[in-house]
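The block underneath contains the structure these notes are about, expressed in structure tokens.
Number of protein chains: 2
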Amino acid sequence: MHEPFDMTMAIEAFRNRLASGESQPLDWWHACRERIEAREPEVLAWEALAPSPSVPPAAGLLQGVPVGLKDIIETRNLPTAWGTGGYLSTPGSLVDAALVTLLEQQGVLIMGKTVSTELAYFTPGKTRNPLDPMRTPGGSSSGSAAAVAAGMVPLAFGTQTAGSIIRPASYCGVFGFKPTFDAVSLAGIKSFAPSLDTLGWFANHIEDICTTFSALTRAPAIEALPSLEGVRVGVRSLPSDEALAPEVRQALDEVAGRLERAGAEVVPLPLDGRFDGLVEEQKVVMAYEAARTLASEYRQFADRMGPKLVELLEAGRALPFVRYREARAQAAALQPVLSRAFAEQVDVILAASAQGVAPKGLDATGDPLYCRAWTLLGVPCLNLPLCRGDGGMPLGVQLVGDRFGDERLLAIARTLMQTTP
Amino acid sequence: MHEPFDMTMAIEAFRNRLASGESQPLDWWHACRERIEAREPEVLAWEALAPSPSVPPAAGLLQGVPVGLKDIIETRNLPTAWGTGGYLSTPGSLVDAALVTLLEQQGVLIMGKTVSTELAYFTPGKTRNPLDPMRTPGGSSSGSAAAVAAGMVPLAFGTQTAGSIIRPASYCGVFGFKPTFDAVSLAGIKSFAPSLDTLGWFANHIEDICTTFSALTRAPAIEALPSLEGVRVGVRSLPSDEALAPEVRQALDEVAGRLERAGAEVVPLPLDGRFDGLVEEQKVVMAYEAARTLASEYRQFADRMGPKLVELLEAGRALPFVRYREARAQAAALQPVLSRAFAEQVDVILAASAQGVAPKGLDATGDPLYCRAWTLLGVPCLNLPLCRGDGGMPLGVQLVGDRFGDERLLAIARTLMQTTP
Chain A
1 MHEPFDMTMA
11 IEAFRNRLAS
21 GESQPLDWWH
31 ACRERIEARE
41 PEVLAWEALA
51 PSPSVPPAAG
61 LLQGVPVGLK
71 DIIETRNLPT
81 AWGTGGYLST
91 PGSLVDAALV
101 TLLEQQGVLI
111 MGKTVSTELA
121 YFTPGKTRNP
131 LDPMRTPGGS
141 SSGSAAAVAA
151 GMVPLAFGTQ
161 TAGSIIRPAS
171 YCGVFGFKPT
181 FDAVSLAGIK
191 SFAPSLDTLG
201 WFANHIEDIC
211 TTFSALTRAP
221 AIEALPSLEG
231 VRVGVRSLPS
241 DEALAPEVRQ
251 ALDEVAGRLE
261 RAGAEVVPLP
271 LDGRFDGLVE
281 EQKVVMAYEA
291 ARTLASEYRQ
301 FADRMGPKLV
311 ELLEAGRALP
321 FVRYREARAQ
331 AAALQPVLSR
341 AFAEQVDVIL
351 AASAQGVAPK
361 GLDATGDPLY
371 CRAWTLLGVP
381 CLNLPLCRGD
391 GGMPLGVQLV
401 GDRFGDERLL
411 AIARTLMQTT
421 P
Chain B
1001 MHEPFDMTMA
1011 IEAFRNRLAS
1021 GESQPLDWWH
1031 ACRERIEARE
1041 PEVLAWEALA
1051 PSPSVPPAAG
1061 LLQGVPVGLK
1071 DIIETRNLPT
1081 AWGTGGYLST
1091 PGSLVDAALV
1101 TLLEQQGVLI
1111 MGKTVSTELA
1121 YFTPGKTRNP
1131 LDPMRTPGGS
1141 SSGSAAAVAA
1151 GMVPLAFGTQ
1161 TAGSIIRPAS
1171 YCGVFGFKPT
1181 FDAVSLAGIK
1191 SFAPSLDTLG
1201 WFANHIEDIC
1211 TTFSALTRAP
1221 AIEALPSLEG
1231 VRVGVRSLPS
1241 DEALAPEVRQ
1251 ALDEVAGRLE
1261 RAGAEVVPLP
1271 LDGRFDGLVE
1281 EQKVVMAYEA
1291 ARTLASEYRQ
1301 FADRMGPKLV
1311 ELLEAGRALP
1321 FVRYREARAQ
1331 AAALQPVLSR
1341 AFAEQVDVIL
1351 AASAQGVAPK
1361 GLDATGDPLY
1371 CRAWTLLGVP
1381 CLNLPLCRGD
1391 GGMPLGVQLV
1401 GDRFGDERLL
1411 AIARTLMQTT
1421 P
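Respectively, the protein sequence lines represent chains A and B.
Letter 245 of the first sequence, counting from 1, is numbered 245 in our numbering, and no numbers are missing.
Letter 407 of the second sequence, counting from 1, is numbered 1407 in our numbering, and no numbers are missing.
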């Protein structure tokens, strides 16, 4: 009677099983809970686990799907500690983050809160990389990426301000999607740098990334194209002035080849040097905004904060407004240039996700270098977990779309995955 | 010994008095408290008042300045009820809103929380217009505008998503400034429509608006120009397809004349009809985002919410993503067009703030019509309280600057006020 549950099922397959009566709404939740019991002692992805669901999930696109929520996403019925280890914490907020309600209306079952770095910056939490416990899972959405990679939940949510979704997705070998800036509500989620912070999610199937986008935006379902014939892919990492590590170059070549086999035309995309400069501009925006956004947390808790966070907040506080304004202006000037490239030259951009596989050690979460500029530009980014690097560890590359071109980007990725298994 | 305190003093004058020892740091606070006792029974601007300050204010640009905070701005030591009348409330938040710390670091004394409409939308609070208690003060920052107009505090903070600063400033006859979108941190302030919400402030002196901008951004002090010679002012209200009421047209003419007397060149600014269309796009963005941002509040409290708010949230929920994306795209396309107009044709725009003086009655807060498009464009807007209309009530007009051109806009306004008393 209790046959083993297929943990690798896609969300749509589970929905079909629910419709046909083959599965019950809580089946996936219970299977995930068993997996968590088995894997959590090594992975340490969770801050808090929810009790068994007391009401059946709503009928929606995500009915019965167990999800993890990064610990900076506020919940009424579960504690939130914002990755602080407790110096800032609540047993339950007055209202749920908007995301929680939007997800529950689509039928999810909240599995629990996943480990975040301290206030979603660099101080690591306890989580280990599920593929090698001596390596970082990346951050700041450490627990969400690791929980999905360890098969503990099929879907988990995080945020990206520099590279906090794409990097851990690359390190853990899962799909990670950062939609267009502002496409999904951040209400009830601790902000760090409001003009950069973006909500995103991790999954093991591109189809599940797509389903979740439709569930949250109520956009029509994203279907695969017949092929990638006519799709133009521009290859360009930001910054390009860093020499790409050989394994990263190889990963980009592999995926470029795969895109070509699916029918796409792959070309280098010339974006001028001002785009490389956006990496530094992102740092300015992040530091300036974080110093102001977290002014009260700094005043109350500076003596308990990690040194890197204190350093950033103090550096940000010292930045003059005119420098901040310059950085914002530079981003605002380049956004239409990039949109023009999308309108005239390419459909998506293929770029490095990270400088290599997950670094060894648990005292840092790796470098968001190759994500910073895209985040500042506000464009949708998708980590494709298609390659391997040093030690056989996963190595992703990202596809980048135009602002609010999320559906096009996801349709291309879905097509790629279906036509070149 | 206890001579009457000059309630109309500018912040800089008080700072000079502190420096010379003529005033003590708490003098202004006590004078305001007396004024509140006298005026509050009629005006009803306050949700909660702070106890007497227990520590002296920090030495900063705003040392000893008593301020009011809209009741959607979270505070550790004062209750917040978000204008809900209590269905959502806390006696104190875990951390202060970032604004509170940034202000206290500059020396302010928090006087208390001012009345907000329900969740900063249209359901009015108790506040009356200080110039005529049978009229609305406007909203949603009702208490902050009224408290400044009634002389209860020299400075108060609010937010604008459609017209919630400029409109009440016009109705109450005070300066109201909405800086560039994103220029000042909203952390710890309830969001409504995140791509529109902007923090701003009210004061009786243009100098105080400027001082506050410098205090919050740490930008250099904003000085008056020698004159307005060479400054180009473009006259254009949005939308222009509405016939301006005669008193509004007269107010625009009066201020245009005053600008010319100060040396400026005043010309009509031709912005094409797409700009008028932004009024409707703002409504789409606001409804779509609010429905998502307040999804959890709606789920928990819909039966206690005002009917207009429920209507907006339900309409917003029904809006398709593609329509929202279209509205955002239209705004993004016109922002650079407007920036070009600022670069090539005009320094500031002169526009209507409202359709007339504060309407009679307390069951509504007036219409934000003439503010919606500017808010969507993210540009800084300043209400100049220079005219009178029906019944001798105040009637403002607004000066609008380019994105991140706050300092230029404020310098022009300061010059206007100094050269044409």
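C-beta atoms are modelled at their ideal positions from N, C-alpha and C, and glycine is treated no differently.
Minimum Cβ-Cβ distance from residue i to chain A less than 7 Å
i	result
L1078/B	no
L1309/B	no
A1187/B	yes
L987/B	With chain B covering only 1001 through 1421, there is no way to say anything about residue 987/B.
F1404/B	yes
D1096/B	yes
D1182/B	yes
T1114/B	no
Residue i - containing alpha helix (DSSP H), residue span
i	result
R1232/B	Element bounds for R1232/B: not the alpha helix (DSSP H) but the beta strand (DSSP E), R1232 to V1235.
R299/A	A295 to F301
T114/A	Segment L109 to T114 is the beta strand (DSSP E) holding T114/A; no alpha helix (DSSP H) there.
Q1335/B	F1321 to E1344
F1404/B	Note, F1404/B: premise wrong, no alpha helix (DSSP H); not H, not E.
W28/A	D27 to V43
P1307/B	P1307 to A1318
T1375/B	L1369 to L1377
Beta-carbon spacing of residue i, residue j below 7 Å
i	j	result
V1348/B	V1235/B	no
K1178/B	G1163/B	no
A1203/B	A1045/B	no
A1287/B	A1329/B	no
G125/A	G158/A	no
I11/A	V65/A	yes
T217/A	F1192/B	no
S1144/B	G1068/B	yes
R1128/B	G1366/B	no
A373/A	L278/A	yes
A1251/B	V1397/B	yes
Start and end residues, beta strand (DSSP E) containing residue i
i	result
L1069/B	P1066 to K1070
F177/A	F175 to K178
G1200/B	T1198 to A1203
V1348/B	V1348 to A1352
Q1398/B	P1394 to V1400
Status (buried if at least 16 other CB within 10 Å, exposed otherwise) for residue i
i	result
Q63/A	buried
N77/A	exposed
P1091/B	exposed
R274/A	exposed
K451/A	Because residue 451/A is not part of the residues shown, which for chain A are 1 to 421, the question remains open.
V1248/B	buried
A169/A	buried
M1/A	Legend: pLDDT at M1/A = 44, less than 50; position of this residue unreliable, value from coordinates given subsequently. By the 10 Å Cβ count, M1/A comes out exposed.
A1318/B	exposed
V1055/B	exposed
S1093/B	buried
G1112/B	buried
D426/A	Look at the range of chain A in this structure, 1 to 421, and you will see that residue 426/A is not part of it.
P1047/B	A small fix is needed here, since residue 1047/B is Glu in this sequence, not Pro. With 16 or more other Cβ atoms within 10 Å, it is buried.
Chain B contact for residue i (CB, 7 Å cutoff)
i	result
D27/A	no
R325/A	yes
E422/A	Lying before the first or after the last residue shown, residue 422/A is absent from chain A, which here runs from 1 to 421.
D208/A	no
F342/A	no
F175/A	no
A256/A	no
Distance cut-off 6 Å: residue i Cβ against heavy atoms of the ligand MN
i	result
M286/A	In the structure on display, the ligand MN does not appear, and there are no ligands present to speak of.
* **Meets three-Cβ-pair contact criterion under 8 Å: the region 77-89 of chain A and the region 257-269 of chain A** => The region 257-269 of chain A and the region 77-89 of chain A do not touch, with fewer than three beta-carbon pairs separated by less than 8 Å.
* To do: Inspect the CB distances between the region 1008-1021 of chain B and the region 1116-1127 of chain B and report whether three or more fall short of 8 Å.
  => Remark: fewer than three beta-carbon pairs, one from each stretch, lie closer than 8 Å, so the region 1008-1021 of chain B and the region 1116-1127 of chain B are not flagged as touching.
* the region 338-347 of chain A / the region 1411-1418 of chain B touching (three or more Cβ pairs under 8 Å) -> Output reads no: the region 1411-1418 of chain B does not touch the region 338-347 of chain A.
* Asked: Can we say the region 381-398 of chain A touches the region 129-149 of chain A, given the rule of at least three CB pairs closer than 8 Å?
  -> The answer is yes - the region 129-149 of chain A touches the region 381-398 of chain A, with three or more Cβ pairs under 8 Å.
* Should the region 178-192 of chain A be regarded as contacting the region 99-107 of chain A, the criterion being three or more beta carbon pairs within less than 8 Å? -> Yes, the region 178-192 of chain A touches the region 99-107 of chain A.
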